[in-house]
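Put into structure tokens, the structure is as follows:
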């Protein structure tokens, strides 16, 4: 009698259509990215600037849809409860057409019109009315739209530099001595360290820690005073961006986790998501350009009410900003 075959027939597995496989993978990636971006965005201190764009909507301002201007403000406040003064003012202009990120240092002693407060040094605008008034002041005097701002204080600046592993800077003997002086008299006490901690032996090329880079950025009485000071600030910022380009995903997470909670900005969450998508393109592919306002030949020192200030030919600077940030010719009218 023939034996029956008790082995059941194996059912063929139905393979998923390749199109749906790819679609599923993309959906999973998008979900992960959304949660990741939301995680980081929620770390940032977002402030609603409300209707500050009364000046911004003026048709007289130079603006272009492919250019975004962000005011970077470094304050001398010790904590988030103290507004402090604007020790560093840099306009970061991102041009998606030219694929340039231009860092424009604004000299803090420039004598300008401060809306509703009369004339004064530009850094006084932040003391009077915070970031919003400083944005309005830049627009009022230089005729370009300022879209957003990001503010950080001393300690957070140092933390950001440490998070990228420090920055490589070459210092003169005079600069090294002044770094030590600022460490001794200001920064070490602020950080809770011994007065003589982290001194530099002499001039040379160093990988500066966050504290040392902060002191280097604050040097004012070596070389060409505030003009070289703003150049040092741009150098450090440029080095931070360069170091960030080399970080692996774990160190990048450390950087973002250190930097973002220390930032205050008016950029909305929806805008943040847009920036987050484009940030890798900005950081890894855009060229970094540096400039300073006032530009050469457009300023002079002046004494007003017993105070030394920088008197500025604003028309010359508007022409230069229009050309460098927007690649347009401004006729001065």
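Numbering (our numbering), first residue to last: 62 to 394.
C-beta atoms are modelled at their ideal positions from N, C-alpha and C, and glycine is treated no differently.
Check whether the stretch 223–231 touches the stretch 302–310, counting contact only when three or more Cβ pairs, one atom from each stretch, lie closer than 8 Å.
These segments touch.
Assuming residue 278 contacts residue 297 under a Cβ cut-off of 8 Å, what Cβ separation, rounded to an integer in Å, is found between them?
Locating residue 278 in the chain shown gives position 217, counting from the first residue. Locating residue 297 in the chain shown gives position 236, counting from the first residue. Indeed they touch by this definition, with Cβ atoms about 5 Å apart.
In this structure, does DSSP put residue 396 in helix, strand or coil?
The requested residue 396 is not part of the displayed model; the chain covers only 62 to 394.
Given a threshold of 16 other Cβ atoms within 10 Å of its Cβ, counted over all protein chains shown, does residue 197 qualify as buried or as exposed?
By one-based count along the chain shown, residue 197 stands at place 136. Under this definition residue 197 is a buried residue.
Assuming residue 161 is part of the beta strand (DSSP E), what are its boundary residues?
By 1-based counting over the chain shown, the position of residue 161 is 100. Unbroken beta strand (DSSP E) run through residue 161: 161–167.
Could you check where the beta strand (DSSP E) with residue 172 kicks off and where it finishes?
Position 111 of the chain shown, counting from 1, holds the residue named residue 172. From DSSP, the beta strand (DSSP E) with residue 172 extends over 172–175.
Does the Cβ of residue 217 have 16 or more other Cβ atoms within 10 Å, making it buried, or fewer, making it exposed?
Sequence index remark: in the chain shown, residue 217 carries index 156 (1-based). Classification of residue 217: buried, given that the 10 Å Cβ count is 16 or more.
Leaving out five residues before and five after residue 399 in sequence, what residues of the same chain have Cβ atoms less than 6 Å from its Cβ?
The requested residue 399 does not occur in the structure, where the chain is confined to residues 62 to 394.
Decide if the stretch 178–192 is in contact with the stretch 255–262; the criterion is three or more beta carbon pairs, one per stretch, under 8 Å apart.
The stretch 178–192 vs the stretch 255–262: no contact.
In whole angstroms, give me the CA-to-CA distance for residue 370 and residue 168.
The residue labelled residue 370 in the question sits at position 309 within the chain shown. The residue labelled residue 168 in the question sits at position 107 within the chain shown. Taking the straight line joining both Cα atoms gives about 10 Å.
Extract the residue ranges of the beta strand (DSSP E) inside the stretch 187–211, only unbroken runs of 3 or more that lie entirely within it.
You should have found no qualifying run.
Name the one or two DSSP bridge partners that residue 334 has.
Locating residue 334 in the chain shown gives position 273, where the first residue counts as 1. DSSP lists no partner for residue 334.
Going by C-alpha to C-alpha distance, which of 391, 350, 182 and 192 sits closest to residue 136?
On the chain shown, residue 136 is found 75 positions in, with the first residue counted as 1. Selected option, being the one with the closest Cα: 192.
How long is the line joining the alpha carbons of residue 343 and residue 108, rounded to whole angstroms?
Residue numbering aside, residue 343 sits at position 282 when the chain shown is read from its first letter. Residue numbering aside, residue 108 sits at position 47 when the chain shown is read from its first letter. Residue 343 and residue 108: Cα-Cα distance of roughly 24 Å.
From what residue to what residue does the beta strand (DSSP E) around residue 277 run?
Along the chain shown, read from residue 1 onward, the residue named residue 277 stands at position 216. Element bounds for residue 277: not the beta strand (DSSP E) but the alpha helix (DSSP H), 271–279.
Quick one, which of 131, 103, 295 and 163 has its alpha-carbon nearest residue 209's?
For the purposes of this step, residue 209 is taken as residue 148 along the chain shown, with counting starting at 1. Comparing Cα-Cα distances from residue 209 to each of 131, 103, 295 and 163, the minimum goes to 131.
Whole angstroms are fine: how far does the CA of residue 367 sit from the CA of residue 435?
For the chain, the structure presents residues 62 to 394; residue 435 sits outside this window and is missing.
Identify whether residue 356 lies in helix, strand or coil by the three-state DSSP scheme.
Mapped onto the chain shown, residue 356 falls at position 295. Three-state result, residue 356: coil.
Out of 382, 275 and 301, point me to the one whose CA is closest to residue 356's CA.
Along the chain shown, one-based indexing puts residue 356 at 295. It is 382 whose Cα lies nearest to the Cα of residue 356.
Considering Cα atoms alone, identify which of 276, 246 and 313 is closest to residue 232.
Within the chain shown, numbered from 1, the residue matching residue 232 stands at position 171. Minimum Cα distance to residue 232 is reached at 276.
So what does DSSP say about residue 312, is it helix, strand or coil?
Numbered from its first residue, the chain shown carries residue 312 at position 251. Helix, per DSSP.
With distances taken from CA atoms, which of 340, 351 and 322 is nearest residue 100?
Here residue 100 is taken as the residue at index 39 of the chain shown, counted from 1. Comparing Cα positions, the closest option is 322.
So, is residue 179 buried or exposed, given that buried needs 16 or more other C-beta atoms within 10 angstroms?
Counting from 1 along the chain shown, the entry for residue 179 is found at position 118. Under this definition residue 179 is an exposed residue.
May I ask you to report which of helix, strand or coil DSSP gives residue 179?
Taking the chain shown and counting its residues from 1, one reaches residue 179 at position 118. Correct three-state label for residue 179: strand.
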